[in-house]
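Peer 1:
Number of protein chains: 2
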Amino acid sequence: MKVSEIGEFGLINRMAGITNISIDKRWKSWRQLVTGIGDDAAVWKPRNPFQIATVDSMVEDVHFSFKYTTWRELGWKSIAVNLSDIAAMGGVPMYALISLGLPENTDVKDVAALYEGMTDATELFQVSIVGGDTVSSPFVFVSVTLLGCASNEQGNTLTRSSACPGDKIAVTNSLGASAAGLTMLSNSLEFPAEAAAELRRAHLKPMPRIAEGQILVATGVKAGMDISDGLVGDMTHICEMSKVGARLNIDLVPVAPAAVQCFGGQALQFALNGGEDYELLFTAPARTIRRVQRALDCAVTVVGEVTTAHPGKVELVDREGRAIDLRKAGWDHFSR
Amino acid sequence: MKVSEIGEFGLINRMAGITNISIDKRWKSWRQLVTGIGDDAAVWKPRNPFQIATVDSMVEDVHFSFKYTTWRELGWKSIAVNLSDIAAMGGVPMYALISLGLPENTDVKDVAALYEGMTDATELFQVSIVGGDTVSSPFVFVSVTLLGCASNEQGNTLTRSSACPGDKIAVTNSLGASAAGLTMLSNSLEFPAEAAAELRRAHLKPMPRIAEGQILVATGVKAGMDISDGLVGDMTHICEMSKVGARLNIDLVPVAPAAVQCFGGQALQFALNGGEDYELLFTAPARTIRRVQRALDCAVTVVGEVTTAHPGKVELVDREGRAIDLRKAGWDHFSR
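Heads up: the sequence lines are chains Y and D, in that order. Going by our numbering, the letters in the first sequence line up with residues 1 to 336, in that order. Going by our numbering, the letters in the second sequence line up with residues 337 to 672, in that order.
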């Protein structure tokens, strides 16, 4: 059955069904909701005094391809990348609004799979889907708005503008697997099954670091963001907004083992410039970083330090302190 | 200059420039903002305890055509249709997030015009643009998230689910001009200049009824929405959500004079089923409607009443009470 056959309102009912099954009425997001799906807008009564909002879109054949992405994976990722922006603030995700563009000949079961992937992610983080719209479109796009709140009453968040000279620069977990996965998928490369599965998961089912972001804030970290454009590109954003420089030691960068196994030396490029890892990048005094390392379950690796030299710029050095040429400054949607 | 030449970040800076010029730091939305454009998400500290959110997308050649829409008009309308959803709740608009899909060969001056149209609308209603994303896309789409709050401390809003049998049904101003405008524009019809300008304005520069929605709530109206799918289709939504019926008297419907002048008898069809008028449709006891008529500057016309017959259905009658055939139940994006 095509979406053109059941019509917009048939589709909305079908999606509302999948959404409602996924919601647990004990969730904080549900208990604070006053008006949900079905009215002109959603209404909620937040307990936390600070509200957070972000939006991100994924476009067919620009951000994903159905050649190697299932509808369910697309659903997960479209929510996960927005959750990652809430994690990047150290916030608590609460509500999602879904704006969906679909060709008229889209199969209803594919849309159902998309929603199942979305609710896989919203259930895990107790996010209620409270609205959105579905429109006819020549190709698929998914635009997700994620609403949340600060994780503390003081409204402390991670920002891009609060890095200080002398801070250490650290990242969670490892980098490069997502870009390695994209390269593998888009070129149909063959690798050992376990490593290939890991690269695929890294690219298509990224895990937003929600708990980690909140713990960073609670531990006193002020400056941070998620890595969506690549370590170098995103560190440059922090440098620009904080009016500081940064020195990254490429020999310290935790490159994902599966990426190294499949791509060898190229894996470091993926880790530096690949993007879409959705790990957290943050800066703080060394003793705060040590507290973070004790508080977090995941790996936290120091990869450099914040400097006063060259505000807005990132220098790459190796373990001997020699400058390394910066070849490519991260993902840029238009000028690649 | 094409957007591919200045790149994503060049474009973001250009748009942030236009946005910042438009913002007046005395606005409530600005004063409550903690973190705006440039970080991973926007953060604000609302005064009102009830928050409102809505999202709506416009897709090239589905919701608009550049054959007869300027970029500036597109900007206005993309914000206005979302403001209208806030008006439909009787809320106060505060923040907008803009998700924009653009072909790589889009001219930067067109994007600037788009943003000028957006800020024409956000300035009028003191809305701060606080984030969004811009992505490459095979054609243009604009997805706008509008965030706001209730207009009162009790969180009273207009909802679709609170119409009661015995309520009168009323609409603001007149209907049909937007659909008449669309018909005129998409078929290149020629009409007297003044009427043609009015139809064009109705379709491309609709005015969200923000103040009117707030006054409805303050006057005690509980049930209402904006007319985006057409009077009959939208009244059906209220009937379904409120589990009531409705009797609409087609001879009472205030058809826009310019639509009548240009389209004669067809104008009534536009008023009933055309959609995109963005006027307010609401129900309330007769004495509340009379209070609304005194409180509002604009025309408020009673067009029918809420009934217990046929829950979820709208009956059309003429002035003698004879049943009229319901030919078309409003705009449906897929099954037209």
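Just so it is clear, CB atoms sit at the ideal spot from N, CA and C, and this is done for glycine as well.
Please work out which residues of its chain come closer than 8 Å, Cβ to Cβ, to T624 of chain D, disregarding the five sequence neighbours upstream and downstream, and give them in chain order.
Peer 2: T555, G556 and V557
Peer 1: Does any CB atom of chain D fall closer than 8 Å to the CB of T44 of chain Y?
Peer 2: It is worth fixing the name first, because residue 44 of chain Y is Trp in this sequence and not Thr. Answer yes: the Cβ-Cβ gap between W44 of chain Y and chain D drops below 8 Å somewhere.
Peer 1: Does the Cβ of M118 of chain Y have 16 or more other Cβ atoms within 10 Å, making it buried, or fewer, making it exposed?
Peer 2: buried
Peer 1: Could you name each continuous alpha helix (DSSP H) segment of 4 residues or more that falls completely within the region 409-476 of chain D, going from the start of the chain to the end?
Peer 2: 444-460
Peer 1: From what residue to what residue does the alpha helix (DSSP H) around S514 of chain D run?
Peer 2: A513 to S522
Peer 1: Start and end of the beta strand (DSSP E) containing W30 of chain Y?
Peer 2: Unbroken run through W30 of chain Y is the alpha helix (DSSP H), K28 to R31; no beta strand (DSSP E).
Peer 1: In or out: F66 of chain Y buried (at least 16 other Cβ within 10 Å) or exposed?
Peer 2: exposed
Peer 1: Just to make sure I have the definition right: I need the residues of chain Y whose C-beta is within less than 8 Å of the C-beta of N385 of chain D. Which are they?
Peer 2: Per the sequence shown, the amino acid found at residue 385 of chain D is Pro instead of Asn. In chain order: K45 and P46.
Peer 1: Cβ atoms of N384 of chain D and A486 of chain D: under 8 Å apart, would you say?
Peer 2: yes
Peer 1: Pick from Y:D251, Y:D61 and Y:A16: whose alpha carbon is nearest that of E320 of chain Y?
Peer 2: Y:D251
Peer 1: Could you tell me which chain D residues have their CB closer than 9 Å to the CB of H310 of chain Y, listed as they occur along the chain?
Peer 2: Chain D residues near H310 of chain Y: none, gap ~18 Å exceeds 9 Å.
Peer 1: Helix, strand or coil: how does DSSP classify N249 of chain Y here?
Peer 2: strand
Peer 1: Counting only the same chain and skipping the five closest in sequence on each side, list residues whose C-beta sits under 8 Å from that of D360 of chain D.
Peer 2: W366, E459 and Q462
Peer 1: Taking Cβ-Cβ distances below 8 Å as the criterion, which residues of the region 216-241 of chain Y are in contact with chain D?
Peer 2: M225, D226 and M241
Peer 1: Since A53 of chain Y is in the beta strand (DSSP E), which residue starts that stretch and which ends it?
Peer 2: Q51 to V59
Peer 1: Looking at S435 of chain D and V55 of chain Y, is the spacing between their C-beta atoms short of 8 Å?
Peer 2: yes
Peer 1: By DSSP, does S479 of chain D sit in helix, in strand, or in coil?
Peer 2: strand
Peer 1: Quick one: which chain Y residues come within Cβ less than 8 Å of T390 of chain D?
Peer 2: D40, A41, A42, L97 and G131
Peer 1: Under the rule that 16 or more other beta-carbon atoms within 10 Å means buried, what is N585 of chain D, buried or exposed?
Peer 2: buried
Peer 1: According to a CB-to-CB cut-off of less than 8 Å, which residues of the region 495-515 of chain D neighbour chain Y?
Peer 2: T495, R496 and S497
Peer 1: Do you know whose CA, among D:L535, D:L540 and D:A631, lies nearest P593 of chain D's CA?
Peer 2: D:L535
Peer 1: Let me see if you follow: with CB-CB separation under 8 Å, is M520 of chain D close to chain Y or not?
Peer 2: Answer no: the Cβ-Cβ gap between M520 of chain D and chain Y never drops below 8 Å.
Peer 1: Counting only beta-carbon separations shorter than 8 Å, does F334 of chain Y have a partner in chain D?
Peer 2: Per-residue confidence for F334 of chain Y stands at a pLDDT of 46, beneath the threshold of 50, marking its modelled position as unreliable; the derived number appears in the next sentence. True, the Cβ-Cβ gap to chain D drops below 8 Å.
Peer 1: Can you tell me where the beta strand (DSSP E) holding F693 of chain D begins and where it ends?
Peer 2: Past the boundaries of the shown model lies residue 693 of chain D; chain D is included only from 337 to 672, so the question cannot be answered.
Peer 1: Whole angstroms is fine: what's the gap from I210 of chain Y's alpha carbon to E153 of chain Y's?
Peer 2: 17 Å
Peer 1: Please confirm whether I86 of chain Y has its beta-carbon closer than 8 Å to some beta-carbon of chain D.
Peer 2: yes
Peer 1: On the criterion of 16 or more Cβ atoms from any shown chain inside 10 Å, does F670 of chain D qualify as buried, or is it exposed?
Peer 2: Interpretation of F670 of chain D is limited by its pLDDT of 47, a score under 50 that renders its predicted location unreliable; no figure is taken from the coordinates.
Peer 1: So, for V135 of chain Y: in the same chain, excluding its five sequence neighbours on each side, which residues have a beta-carbon less than 6 Å away from its beta-carbon?
Peer 2: G101
Peer 1: List the DSSP bridge partners of F333 of chain D.
Peer 2: Summary: the structure shown does not reach residue 333 of chain D, with chain D confined to residues 337 through 672, and so no result is reported for it.
Peer 1: Which residues does DSSP pair with V650 of chain D in a beta bridge?
Peer 2: D:A582
Peer 1: Out of Y:R72, Y:S137, Y:A195 and Y:T159, point me to the one whose CA is closest to D120 of chain Y's CA.
Peer 2: Y:R72
Peer 1: Taking the alpha carbon of D40 of chain Y as the reference point, which residue from D:G343, D:N349 and D:G426 has its own alpha carbon closest?
Peer 2: D:G426
Peer 1: What residue range is occupied by the uninterrupted beta strand (DSSP E) comprising V171 of chain Y?
Peer 2: K168 to T172
Peer 1: State the start and end residues of the unbroken alpha helix (DSSP H) segment that holds V260 of chain Y.
Peer 2: Bounds of the alpha helix (DSSP H) holding V260 of chain Y are P257 to F263.
Peer 1: Flag P474 of chain D as yes if its beta-carbon sits less than 8 Å from any beta-carbon of chain Y, otherwise no.
Peer 2: yes
Peer 1: What is the residue span of the beta strand (DSSP E) that G560 of chain D lies within?
Peer 2: A559 to D562
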